[in-house]
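Notes to accompany the following structure.
Numbering (my numbering), first residue to last: 33 to 158.
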């Protein structure tokens, strides 16, 4: 069963409703973004989201998150982890920044539960 399968073991469950959660097999899948750190790729600059992930306000496609601002990056990560697919997570989430901000992220319990094994393994490896 793949990540997109709602019955996947990585899809956390809520009573009466199942929503797949995009979780990579390993945080190493986010390491490609870490290589961009020197170029400020994944940790700075403005980022917009498609309306399938962010649809709030009169012009959601015009909203930008400045990734150099940790608070705005946290907001973006909350949206991507909650509404994004696996490609979105791989493209927009920086491994080190995610681990640094994990405890500050406001996430639904089923999202936290789905990511818990990866985060816990990263904490024990550090």
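All C-beta atoms, glycine included, are put in the ideal place defined by N, C-alpha and C.
Cross-strand partners of residue i (DSSP beta bridge)
i, result
"residue 98", "78"
Rounded C-alpha distance that separates residue i from residue j
i, j, result
"residue 91", "residue 135", "30 Å"
"residue 140", "residue 115", "11 Å"
"residue 124", "residue 147", "16 Å"
"residue 128", "residue 87", "27 Å"
"residue 101", "residue 94", "18 Å"
"residue 149", "residue 103", "25 Å"
"residue 122", "residue 89", "26 Å"
"residue 52", "residue 78", "28 Å"
"residue 143", "residue 58", "16 Å"
"residue 110", "residue 145", "14 Å"
"residue 107", "residue 151", "18 Å"
"residue 132", "residue 60", "15 Å"
"residue 126", "residue 120", "11 Å"
Pair within 8 Å by beta-carbon distance, residue i and residue j
i, j, result
"residue 105", "residue 80", "no"
"residue 62", "residue 130", "yes"
"residue 118", "residue 56", "yes"
Exposure label - residue i; buried when at least 16 CB within 10 Å
i, result
"residue 84", "exposed"
"residue 138", "exposed"
"residue 153", "exposed"
"residue 54", "buried"
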